[in-house]
Amino acid sequence: MSEPRVSESGLPIHGVYRTSDLDGWDPATKLGEPGAYPYTRGVYASMYTGRPWTMRQYAGFGTAVESNRRYRQLLDAGQTGLSVAFDLPTQMGYDSDNAVAEGEVGKVGVAIDSIDDMRILFDAIPLDRVSTSMTINAPAAILLLLYQLVAAEQGVDAADLTGTIQNDVLKEYIARGTYIYPPRPSLRLITDIFSYCREVTPKWNTISISGYHMAEAGATPAQEIAFTLADGIEYVRAAVASGQHVDEFAPRLAFFFVARTTLLEEVAKFRAARRIWAQVMRDEFGAKDPKSMMLRFHTQTAGVQLTAQQPEVNLVRVAVQGLAAVLGGTQSLHTNSFDEAIALPTEKAARLALRTQQVLAFETDVTATVDPFAGSYVVESMTDDVEAAARALMAKVEEYGGAVAAIEAGFQKSEIERSAYAIAQQIDSCERTVVGLNKFTVETDEHYEPLRVDPAIGAQQAERLALLRAERDSAAVDAGLAALRAAAAGTDNVLYPMRDALAARATVGEVSDALREVWGTYVATDTF
Numbered sequence: 011m012s013e014p015r016v017s018e019s020g021l022p023i024h025g026v027y028r029t030s031d032l033d034g035w036d037p038a039t040k041l042g043e044p045g046a047y048p049y050t051r052g053v054y055a056s057m058y059t060g061r062p063w064t065m066r067q068y069a070g071f072g073t074a075v076e077s078n079r080r081y082r083q084l085l086d087a088g089q090t091g092l093s094v095a096f097d098l099p100t101q102m103g104y105d106s107d108n109a110v111a112e113g114e115v116g117k118v119g120v121a122i123d124s125i126d127d128m129r130i131l132f133d134a135i136p137l138d139r140v141s142t143s144m145t146i147n148a149p150a151a152i153l154l155l156l157y158q159l160v161a162a163e164q165g166v167d168a169a170d171l172t173g174t175i176q177n178d179v180l181k182e183y184i185a186r187g188t189y190i191y192p193p194r195p196s197l198r199l200i201t202d203i204f205s206y207c208r209e210v211t212p213k214w215n216t217i218s219i220s221g222y223h224m225a226e227a228g229a230t231p232a233q234e235i236a237f238t239l240a241d242g243i244e245y246v247r248a249a250v251a252s253g254q255h256v257d258e259f260a261p262r263l264a265f266f267f268v269a270r271t272t273l274l275e276e277v278a279k280f281r282a283a284r285r286i287w288a289q290v291m292r293d294e295f296g297a298k299d300p301k302s303m304m305l306r307f308h309t310q311t312a313g314v315q316l317t318a319q320q321p322e323v324n325l326v327r328v329a330v331q332g333l334a335a336v337l338g339g340t341q342s343l344h345t346n347s348f349d350e351a352i353a354l355p356t357e358k359a360a361r362l363a364l365r366t367q368q369v370l371a372f373e374t375d376v377t378a379t380v381d382p383f384a385g386s387y388v389v390e391s392m393t394d395d396v397e398a399a400a401r402a403l404m405a406k407v408e409e410y411g412g413a414v415a416a417i418e419a420g421f422q423k424s425e426i427e428r429s430a431y432a433i434a435q436q437i438d439s440c441e442r443t444v445v446g447l448n449k450f451t452v453e454t455d456e457h458y459e460p461l462r463v464d465p466a467i468g469a470q471q472a473e474r475l476a477l478l479r480a481e482r483d484s485a486a487v488d489a490g491l492a493a494l495r496a497a498a499a500g501t502d503n504v505l506y507p508m509r510d511a512l513a514a515r516a517t518v519g520e521v522s523d524a525l526r527e528v529w530g531t532y533v534a535t536d537t538f
């Protein structure tokens, strides 16, 4: 028999599996029942036999008017939840008329500068009936509060709002880079969000602890879940240290992972992640509420695996990746559009991506039974292997003193960079096949016309900001920002004065600047 193949995490994949390969495997403790500890088989007893996962499409570009139009199209096409993409200035806490925002306004997401833009973004969208996910991190509190204020204008009580803010700043230092403040005040802001949402928006998921961006940066499946769960542990420790009981906030924690084309290992990864998290929450933090031990997660198909060459082939990749997420038990799913390696998705491409999910949900039989791979020799063995590899990496993080200390030492970043470099070498040498890129290529691709963002959007947003500053009550804004700075310098929850400032039409940049004045900004340094 030939040598075994090696998985993305560097673990062996044997040509055949038998019960003897499941060394020491005790189904009573490792597998369990769906919806029961350790949740290997899924966090809910019925999973998709009751209803399918939430279908989200990550969307947002240009102005709030354009993005609102796209959201309505997706909802009309059968989407069951919204997922908002913000442009880079918004993600970094800068207004569209700031010099650093030049050329980036509206490019990779929608530009949101104030409550005026947020009001337009969700115009005629019933926020009491739509679950909204917002991919925003350092300014997550700002966007959540703007959403709440707009909902109140619609007559929707904050207690009825459902959705998620990503709010995972630690992974920004590791893999993505849209951080603002240093790690420790960022953790303080996150625990303030936990506390605020418990009191004001109890149905809201306060954080989506993300491995997706680590995977996009080159992390293996084992690294993805290890470093994501290590970040989760750090957030839980910070919240407990702030005086909150684990069962008060942990049920609202959520996670965000990638789904690659390596279907079997991805299914194993999701199952291993659930098992590790359940054990950590029960044994380390003493959680009693079953919801505190459930690892609920959103999945996005792997953008990094899409190619600009022969882009229609991405439709096949996305279907396989989406199937991996579903077989792995995801709670919600975004399927990438086939043209995303070229530009922002066109309307047709976004609709096809949604249709991919609908085919999986309504034309296949994967929703007819819970955890279809349960008891599979290969998946159970791979689940054990991925779990062991992830736990070993988590132990190394603990040796540094936890996720923040490991980040400051550059550990996670260096591990991911080594993995990314190895993958690039394999692609360059054709050891790793990428269809249409290094094998099965064609001379020329058919012409494809991508969606382009109007470069005049920056000037338009600047005009809107000038009008806003002329019309608003400047004294009320100044008072709100002063109260925010005072709370940030002390120990009061910063979200309450932040909400007052935003209601007075303070801008995203002004609120972020108020916190920059008190907490400073983070400057990355290489330590390895």
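The numbering of the sequence shown is this note's numbering, which starts it at 11 and goes up by one.
All C-beta atoms, glycine included, are put in the ideal place defined by N, C-alpha and C.
For residue 341, there is no enclosing alpha helix (DSSP H), as DSSP marks it with neither H nor E.
Rounded to whole angstroms, the separation of the alpha carbons of residue 434 and residue 413 is 27 Å.
Under the rule that a run must span 3 or more residues, the beta strand (DSSP E) segments found entirely inside the segment 116-179 read 141-145, 173-175. Under DSSP, residue 219 forms a beta bridge with 265.
Rounded to whole angstroms, the gap between the alpha carbons of residue 465 and residue 489 is 35 Å.
Per DSSP, reduced to three states, the secondary structure at residue 72 is strand. Under the DSSP definition of a beta bridge, residue 287 lacks any partner.
In this chain, residue 421 is not harboured by any beta strand (DSSP E); it is covered by the alpha helix (DSSP H) spanning 421-438. With contacts defined by Cβ atoms closer than 9 Å, residue 140 and residue 341 do not form a contacting pair. In the three-state reduction of the DSSP assignment, residue 23 falls in the strand class.
Classified as buried, residue 509 has 16 or more neighbouring CB atoms from the shown chains inside 10 Å of its CB. Between the alpha carbons of residue 292 and residue 523 lies a distance of about 39 Å. The Cβ atoms of residue 19 and residue 271 do not sit closer than 9 Å to each other. Of the residues 166, 280, 51, the one whose Cα lies closest to the Cα of residue 136 is 166. In the displayed model, residue 65 falls within a strand according to three-state DSSP. Secondary structure at residue 230: coil, using DSSP grouped into helix, strand and coil. In the displayed model, residue 40 falls within a helix according to three-state DSSP. Judged by DSSP secondary structure, residue 92 falls within the beta strand (DSSP E) whose first and last residues are 91-95. In the DSSP assignment, residue 307 falls within the beta strand (DSSP E) that extends over 307-311.
When the alpha-carbon of residue 528 is set against those of 343, 487, 221, 196, the nearest one is in 196. Distance from the Cα of residue 411 is smallest, within the candidate group 474, 436, 243, 300, for 243. Judged by their CB atoms, residue 338 and residue 276 are nearer to each other than the 9 Å cut-off. Apart from sequence neighbours up to five positions away, the residues of its chain that approach residue 257 with a beta-carbon distance below 7 Å are 297, 298, 299, 302, ordered along the chain.
Pairing residue 525 with residue 356, the inter-Cα distance amounts to about 37 Å. Taking 4 residues as the shortest admissible run, the segment 495-534 contains the following complete alpha helix (DSSP H) segments, listed from N- to C-terminal end: 505-513, 518-529.
Distance between residue 207 and residue 133, taken at the CA atoms: about 24 Å. The beta carbon of residue 125 sits closer than 8 Å to the beta carbons of 156, 159, 160, 512, 513, 515 from its chain, once the five residues preceding and following it are set aside; these are given in chain order. For residue 15, the pairing in a beta bridge is given by DSSP as 23.
Here residue 279 carries a helix assignment [DSSP, helix/strand/coil]. Residue 92 and residue 63 have their C-alpha atoms some 13 Å from each other.
Annotation: residue 118 to residue 28 spans about 48 Å, alpha carbon to alpha carbon. Only buried fits residue 363, as 16 or more other CB atoms lie within 10 angstroms of its CB. Within its own chain, no residue has a Cβ closer than 7 Å to the Cβ of residue 450 once the five positions on either side in sequence are excluded. Around the Cβ of residue 14, a 10 Å sphere holds fewer than 16 other Cβ atoms; the residue is exposed.
In this model, residue 247 and residue 174 are separated by some 21 Å (Cα to Cα).
For residue 34, there is no enclosing alpha helix (DSSP H), as DSSP gives it neither H nor E.
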